[in-house]
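According to this note's numbering, the sequence shown is numbered sequentially starting from 29.
Glycine included, each C-beta is placed from N, C-alpha and C at the ideal position.
Just so it is clear, the structure is predicted and the values come from calculations on it, not from any experiment.
Have a look at the structure below, then the notes.
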Amino acid sequence: RDQQPPPHEGAYRGAPLQPQASGSDLLLAGVGPGSWSDRADVPDLSYEGLPKIVPLRVAPGFGVAAQDVDPRGLPVLGDDGVEGGRVVDLWVDRSEMLFRYLEVEVA
29 RDQQPPPHEG AYRGAPLQPQ ASGSDLLLAG VGPGSWSDRA DVPDLSYEGL PKIVPLRVAP
89 GFGVAAQDVD PRGLPVLGDD GVEGGRVVDL WVDRSEMLFR YLEVEVA
């Protein structure tokens, strides 16, 4: 658990309906969309002590099934139909035996 002191001072009277500091960067305010939790900056490890989620390029023994489309090299399209980049790799979760993320090279 976090052992940081609360970000407020004095009595806490509940969450405000709008940010308290006007004109400041709302993503650094620590509430709403700018909230975060301080966590250890270490990767999540598998039972074997290896990083759980890694790129396919460094995960021997994993691959795309022969009956599935390999998305590497395919374009990534936005809602407007414009190509925003291309898939360059897949990130595999070794513990769950599935692909978690697509790595995209932005155009």
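Is residue i close to chain B? Criterion is C-beta to C-beta, closer than 8 Å.
i: GLY113; result: No chain B appears in this structure, which consists of one protein chain only.
Use the C-beta contact count for residue i: other C-beta atoms within 10 angstroms, 16 or more gives buried, fewer gives exposed.
i: LEU105; result: exposed
i: LEU56; result: exposed
i: LEU118; result: buried
Cα separation between residue i and residue j?
i: TRP64; j: ILE81; result: 22 Å
i: VAL120; j: ALA87; result: 8 Å
i: GLY77; j: VAL70; result: 12 Å
i: VAL132; j: VAL116; result: 6 Å
i: GLY58; j: ALA94; result: 46 Å
i: ASP66; j: ASP53; result: 19 Å
i: GLY91; j: ASP107; result: 29 Å
i: SER74; j: GLY60; result: 32 Å
Give the secondary structure of residue i by DSSP, where H, G and I count as helix, E and B as strand, and everything else as coil.
i: GLY113; result: strand
i: LEU118; result: strand
Find out if the Cβ-Cβ distance for the pair residue i, residue j is shorter than 8 Å.
i: LEU130; j: PRO99; result: yes
i: GLY112; j: VAL134; result: yes
Between the Cα of residue i and the Cα atoms of the options, which residue gives the shortest distance?
i: PRO79; options: GLY91, VAL92, SER123; result: SER123
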